[in-house]
């Protein structure tokens, strides 16, 4: 059995532990990590970004993408609720990373999420962030330029579409290490 196959089986086990026995393990899972309830991105006010995240979560619910949202309990009331949105305490961040396939994270060092085999969905940061290109089989994540709900949503949809193709997803996961 290949190390990638072992990795996929570990992810499936983590998904079932976190989301329940009836959860189909080959379903993509996104993790949205909100920093202490207030995401931070260079060049945008925290309140504006939080508003963008609310719109983003509504969009993710609409496309039925299983989404783990790590945020404080005090913030859960402010955010949209739905069948595909699962809220977790910040102390479960590492557990959520172990179950997630891709992560939109506004403040954690990308190397931390990569060690769990999570593909970053993040704001572009010059030459150090190479958007995954399935034709050239290179890149290490899915990036957006402006931190607004539309560009973030676009990057997430690209990640979800790539996930549907095991060969491309395996190449992407291998590029994380």
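Numbering (the working numbering), first residue to last: 654 to 830. Glycine residues also receive a C-beta, built at the ideal position from the N, C-alpha and C atoms. The structure presented is a predicted model; accordingly, all values stated were derived computationally and were not measured.
On the criterion of 16 or more Cβ atoms from any shown chain inside 10 Å, does residue 789 qualify as buried, or is it exposed? Here residue 789 refers to the residue found at position 136 of the chain shown. Under this definition residue 789 is an exposed residue.
Determine the closest residue to residue 747 out of 732, 734, 763 and 738, with distance taken between C-alpha atoms. For the purposes of this step, residue 747 is taken as the residue at position 94 of the chain shown. For residue 747, the nearest C-alpha among the options comes from 763.
Provide the residue span of the alpha helix (DSSP H) that contains residue 720, from first to last. Counted from its first residue, the chain shown places residue 720 at position 67. Where residue 720 is concerned, there is no enclosing alpha helix (DSSP H), although the beta strand (DSSP E) it sits in stretches over 719 to 723.
Residue nearest to residue 671 in terms of C-alpha spacing, selected from 809, 749 and 722: Sequence index remark: in the chain shown, residue 671 carries index 18 (1-based). If you compare the alpha carbons of 809, 749 and 722 with that of residue 671, the shortest gap goes to 749.
Can you give me the C-alpha to C-alpha distance between residue 691 and residue 800, rounded to a whole angstrom? Taking the chain shown and counting its residues from 1, one reaches residue 691 at position 38. Taking the chain shown and counting its residues from 1, one reaches residue 800 at position 147. With a pLDDT of 49 at residue 691, under the threshold of 50, the predicted position of this residue should be treated as unreliable, though the coordinate-derived value follows. Using only the alpha carbons, I get a separation of about 14 Å.
Given this structure, state the Cα-to-Cα distance separating residue 814 from residue 738, to the nearest angstrom. In the chain shown, the residue the question calls residue 814 occupies position 161. In the chain shown, the residue the question calls residue 738 occupies position 85. Approximately 19 Å between the Cα atoms of the pair.
Buried or exposed: which applies to residue 659, given that a residue is buried once 16 or more other Cβ atoms fall within 10 Å of its Cβ? Position 6 of the chain shown holds residue 659. It is exposed - the Cβ of residue 659 has fewer than 16 other Cβ atoms within 10 Å.
Going by C-alpha to C-alpha distance, which of 777, 802 and 824 sits closest to residue 703? Within the chain shown, numbered from 1, the residue matching residue 703 stands at position 50. Of the candidates 777, 802 and 824, 802 places its Cα closest to the Cα of residue 703.
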